[in-house]
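Take a look at the structure set out below.
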Ligand SMILES: [Zn+2]
């Protein structure tokens, strides 16, 4: 009887423990992994990844934590978790989340030997293993066509080609995240953004060894430039490895690729290309080298070679990690190569920990490239193509002066890429090339401690007050301008030219300086006019013959409604 009661009590306790884990109080983002020291073994013939090593967890929450949740891809399994060499109690469970290509994670819910106080740390020894096969479940289950899904999620371990990208694609090293859901707006962006911010200063040392029974030696490329590479043969078998330290991780998601690559090296770049792609690799390198002068003129000397890794699937979506670009080289045309090189080389020359500066400038460089190759209109068309998505998304938030979606805080890449590109272009139109280049040259990432740092560097190069612009476009999300030509009154001068007084109203919620084009039979005069949100501004423009129409905005300023931007001019009444 007593035995039965004890047995019952024990069961009740374990039921309570499970209930507690599943329903309440598990803060999945309480711990940050501040240090990784991992030994990873890849066996391409078995599609297998096995890892063991040590991680350090730091409690970044405000309350003591006794439970830690560690997550790896759902195709991997936890083998052991110990603290100080002693096993700890842990249960594993699947956790649905779109942060991994499989659409799920394997969670280990670890009961720590004692609660960890806020800011306290604990070291765990861990081991896990499994397979990494092509898997696009997270995309196909929300309705993406198979082919499109596969060309986006191209990670796998296989004999001819292995590619494993980190957080956001394959959780091949432990992470600690809340659920990310691709069918819920920005959910994945936000979870990834928080993760990267928390792990920004973390350090990862990883030894990646590829073992093959068939003795083949392939090239191993890792997205960390300082890796030490080694090759060994043991009888028929071979092993090649990379020893890498991300110090710190920054915004990188550790990734590696192995395949039958050959190298093409130039003074500013290195291309790892696949068998039979040598012509494509050479033309890619030629196109990229032509862009180097433009990039160094704007962003300074390259501090590393821009590296490119070829992908076997010609449809594969390119992926970038700093100045390392994964892209299919087959069918790559020279124009596209130049465009992507402008972006990649900018990363090799310039770095900022802030996405709107880091990515925004790299996209801005692409617009500069198109302007130089063709003309201003091609650059504007390119920005227009990219801004349509965020322009659509901006409308509902317009009135809220949202801080969360401001460029300085944006986790959504439509914002820190496309919108940021437009913001850089507008800044350049306002302050001029020389001033903006000097501000960029003065930028030091280690001194960028406040959101206003970049604005101060630009302010130092110009007489203009730009505080309002940064407030409307960068520090807050005030939505977009909506310009309307309210009136245009021409009058003939004594010298038979015309002066037209143009009044532009900004019905929108963000101010901007916008081009105003006054057209006449044989041409147009372009002036620039600053129109703050919900305000009007007037400018006088002289034309040689009678003006026929006024157009506000050449497309260089993102705007919510372009339908009210033209006003036909009624010919002035002759006295
Ligand atoms: Zn980039």
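Residue numbers (the numbering used here): 54 to 628.
No residue lacks a Cβ here, since even glycine has one placed at the ideal position from N, Cα and C.
Distances from the CB of residue 467 to the heavy atoms of ligand 1 are all 8 Å or more. Beta-carbon to beta-carbon, residue 244 and residue 308 are separated by about 18 Å, too far to satisfy the 8 Å threshold.
In this structure, DSSP gives residue 79 a state outside helix and strand, which the three-state scheme calls coil.
A straight line joining the alpha-carbon of residue 97 with that of residue 212 spans about 5 Å. With fewer than 16 other Cβ atoms inside 10 Å of its own Cβ, residue 513 counts as exposed. Between ligand 1 and residue 276, a heavy atom-to-CB distance of less than 8 Å is absent. Unbroken alpha helix (DSSP H) runs of no fewer than 4 residues, entirely contained in the region 494-544, are found at 506-512, 520-523, following chain order. Beta bridge pairing from DSSP links residue 160 with 124, 146. Three or more pairs of CB atoms, one per stretch, sit closer than 8 Å, so the region 472-480 contacts the region 412-428. Just measuring C-alpha positions, the residue of 355, 332, 433 sitting nearest residue 385 is 332. In the pairwise beta carbon analysis, the region 521-529 is classified as not touching the region 570-578: fewer than three pairs are separated by under 8 Å. A Cβ-Cβ contact shorter than 9 Å links residue 261 with residue 273. When only Cα atoms are considered, residue 199 and residue 232 end up about 24 Å apart.
The distance from the Cβ of residue 338 to that of residue 324 is about 5 Å, consistent with a contact at the 8 Å cut-off. Taking the C-beta atoms as reference points, residue 146 is found nearer than 9 Å to residue 162. The beta carbon of residue 415 sits closer than 8 Å to at least one heavy atom of ligand 1. Just measuring C-alpha positions, the residue of 122, 600, 158, 129 sitting nearest residue 141 is 122. Here the alpha carbons of residue 482 and residue 382 stand approximately 35 Å from one another.
Distance from the C-beta of residue 200 to the nearest heavy atom of ligand 1 is not below 8 Å. At the C-beta level, residue 94 and residue 103 come within 9 Å of one another. DSSP lists 581 as the beta-bridge partner residues of residue 568.
Where residue 559 is concerned, the enclosing beta strand (DSSP E) starts and stops at 551-559. Pairwise C-beta distances place the region 359-373 out of contact with the region 420-430, as fewer than three of them are shorter than 8 Å. Non-local C-beta neighbours of residue 603 in its own chain, meaning closer than 6 Å and more than five positions away in sequence, comprise 538, 541, 555, 571, 620, ordered along the chain. Residue 354 counts as exposed, since fewer than 16 other beta carbons sit within 10 angstroms of its beta carbon.
In this structure, the straight-line span from the alpha carbon of residue 506 to that of residue 431 is close to 31 Å.
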